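Remarks on the structure that follows.
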Amino acid sequence: HEMTHDSDQDIYLGGYGRRRSGLGPEFFAKGLLQAPDHPYDATITINSILKHSKSDSLEGSRLQVLDPTERFQNSADLQNYVHNMFDLIYMLEYLE
Numbered sequence: 001h002e003m004t005h006d007s008d009q010d011i012y013l014g015g016y017g018r019r020r021s022g023l024g025p026e027f028f029a030k031g032l033l034q035a036p037d038h039p040y041d042a043t044i045t046i047n048s049i050l051k052h053s054k055s056d057s058l059e060g061s062r063l064q065v066l067d068p069t070e071r072f073q074n075s076a077d078l079q080n081y082v083h084n085m086f087d088l089i090y091m092l093e094y095l096e
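Per full-length UniProt numbering, residue 1 is the first one in the sequence shown, and the count goes up by one each step.
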């Protein structure tokens, strides 16, 4: 997490040294290397650790799976999830 803070502007952002407007340093550190802390975390991450119930989350705003043990049964499930997640990110980037 802390190494991401040290590297995000030079390495992850192509050396341009600026984050996108409105995105603070935690957005990159959490999104790249850290599972979400709670079900209403506003970052697009892979929940690989925590199990949540539907009552814990706001269904309209949740960006992660509630229970990784149900969603990811094998490596193909994870590959499909990450592939679709990046498709979504690329589409949002294109629309912006």
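Glycine is no exception: its CB is placed at the ideal position from the N, C-alpha and C atoms.
All figures in this text were calculated on a predicted structure; none of them were measured in a lab.
Residue i, enclosing alpha helix (DSSP H) - first and last residue
i	result
residue 59	First-last for residue 59: undefined, no H or E at that position.
residue 46	Neither: residue 46 is in no alpha helix (DSSP H) and is coded neither H nor E.
residue 7	2-7
residue 36	No alpha helix (DSSP H) holds residue 36; DSSP gives it neither H nor E.
Where residue i sits in the DSSP three-state scheme
i	result
residue 96	coil
C-beta contact flag for residue i and residue j at 8 Å
i	j	result
residue 99	residue 33	Past the boundaries of the shown model lies residue 99; the chain is included only from 1 to 96, so the question cannot be answered.
residue 28	residue 4	yes
residue 47	residue 64	yes
Below-8 Å beta-carbon distance, residue i vs any chain B residue
i	result
residue 64	This model lacks chain B altogether; it includes just one protein chain.
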